[in-house]
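A short write-up of the structure that comes next.
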Amino acid sequence: YIIDLTGRTPEKIAAAMPKDGRRGVKRAERVAKEAGVVIKDETGMDRATFDEVYRVLEETSERDGFTPHSADVYWTMLTTLGEQARIYVARLDGRPVAWVLVTVNGISSVAYYGASTTAEATDWYAACDLAAKGYKGYDFMGAGSTRVPELYSVGMYKKRFAQHPTEVDGAWDVPVQRPVFEALVAAKKAKHLVRKATVVASKASEAIKR
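Everything in the sequence shown is counted per this note's numbering, starting at 372 for the first residue and increasing by one.
In structure tokens, the structure reads:
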């Protein structure tokens with residue numbers, strides 16, 4: 372799903388969205404403002420600040436049932452891409468509650484990674500900010516796939532921002548050394564199972580304490 376930013380102003384961008392999406396972003400914007408949430412482009416943050424922001428992704432992954440990369444992956448992306456990567460952060464009383472890492476290329480922008488409890492307001496802010504800077508689209512990337520069912524709820528969220536999905540070629544692994552590839556796949560599955568078991572054990576421990 373790609374938000375059309377060619378309207379440039381928030382009003383024109385919202386007008387090109389589905390009706391429930393228009394209502395959603397306006398409501399999210401109002402609720403965030405009333406709660407005192409501050410959303411800004413925080414590109415250029417130091418590593419200590421990013422580690423604090425990354426913890427929001429850990430909380431999101433536990434809630435939605437997916438496994439995030441390590442913090443080093445996102446930090447390397449931010450620092451390596453330089454001006455082609457930006458990070459928008461929403462804060463409540465100074466504490467990060469949402470963020471989105473955006474890549475820009477030419478006049479296009481892509482919401483590559485994000486996490487939050489107030490995603491709608493953060494994505495809307497980022498889209499409007501990038502529109503004002505001349506970008507033509509805000510690409511949410513994946514719109515849902517049977518290959519990745521755990522991201523179904525994320526895809527449902529994105530569809531509110533555009534009238535229709537845009538078809539693109541998917542990314543596929545082409546194993547050159549099949550034994551190595553199969554070993555990596557098995558290791559990833561094992562890692563996911565260990566993480567899931569750890570989360571379940573942690574929640575059970577908290578329940579006992581209560």
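Ideal placement from N, C-alpha and C gives every residue a C-beta, glycine not left out.
Item: Could you work out which residue in 475, 390, 466 and 556 is closest to residue 453 when comparing CA atoms only?; Value: 475
Item: Any idea if residue 482 is buried or exposed, counting beta-carbon neighbours within 10 angstroms, 16 or more meaning buried?; Value: buried
Item: Alpha carbon to alpha carbon, how far is residue 479 from residue 456? Give it in angstroms, no decimals.; Value: 12 Å
Item: Round the Cβ separation of residue 442 and residue 469 to the nearest angstrom and send it over; I've been treating them as touching at under 8 Å.; Value: Their Cβ separation, rounded to whole angstroms, is 17 Å, which puts residue 442 and residue 469 out of contact at 8 Å.
Item: Please name the residue in 467, 565 and 554 whose C-alpha comes closest to that of residue 419.; Value: 467
Item: On the criterion of 16 or more Cβ atoms from any shown chain inside 10 Å, does residue 500 qualify as buried, or is it exposed?; Value: buried
Item: Opposite residue 467 in the DSSP bridges: which residues?; Value: 462
Item: Going by DSSP, what residue range makes up the beta strand (DSSP E) through residue 540?; Value: It is not in any beta strand (DSSP E) - residue 540 carries neither H nor E in the DSSP assignment.
Item: With H, G and I counted as helix, E and B as strand and the rest as coil, what does DSSP make of residue 376?; Value: coil
Item: Could you check whether residue 375 and residue 513 sit closer than 8 Å to each other, using their CB atoms as the reference points?; Value: no
Item: Whose C-beta lies closer than 7 Å to the C-beta of residue 425 among residues of the same chain, with five residues either side of it excluded?; Value: 442 and 445
Item: Can you tell me where the alpha helix (DSSP H) holding residue 445 begins and where it ends?; Value: 442-452
Item: For residue 409, I'd like the list of residues in its chain whose CB is within less than 6 Å of its CB, leaving aside the five on either flank, ordered along the chain.; Value: 462
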